[in-house]
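Structure first, then comments.
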Amino acid sequence: MKVSGNNNVKVEKEIEDISEEVVGRTLKKALRSMSTLQSEDGFWPGDYGSPLFLLPTLVIGLYGTEALNTILNIDHQREMTHYLFTHQNIDGG
């Protein structure tokens, strides 16, 4: 497989024809691979849902739409600030 300068992928040789059997086999491999990542209780662990990832986006969005003080009262804002400071690295990052 070669990638040209314009980001189009050129396939030099067709590996195998796409058939129902090939699609089924590929889906089974993908499901087997994904199932190894899933915890026993069905949860998909990862950092994506972390408050440290989502909180800044929420605050920026509310600030940008001028809804920060409408949606988050002062107690919520204090608690969010406290949460961020308690998770801050020693070097400030």
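One gets the numbering used here by counting positions in the sequence shown from 1 and adding 4 to each.
For glycine and all other residues, C-beta sits at the position ideal for the given N, C-alpha and C.
Please check the pair residue i and residue j, which I expect to be a contact at CB under 8 Å, by giving their CB distance rounded to whole angstroms.
{"i": "Ile75", "j": "Leu66", "result": "5 Å"}
{"i": "Met84", "j": "Leu59", "result": "6 Å"}
Closer than 7 Å to a non-hydrogen atom of the ligand FAD - does that hold for the CB of residue i?
{"i": "Ala71", "result": "As presented, the structure is devoid of all ligands, the ligand FAD included, so that no description of it is given."}
Should residue i be labelled buried (16 or more other beta-carbon atoms within 10 Å of its own) or exposed?
{"i": "Ile64", "result": "exposed"}
Can you list, in chain order, the residues of its chain whose CB lies under 8 Å from that of residue i, leaving out five sequence neighbours each side?
{"i": "Gln92", "result": "none"}
Starting from the C-beta of residue i, find all residues in its chain whose C-beta is less than 6 Å away, skip the five residues before and the five after it, and write them out in chain order.
{"i": "Pro49", "result": "Ser43"}
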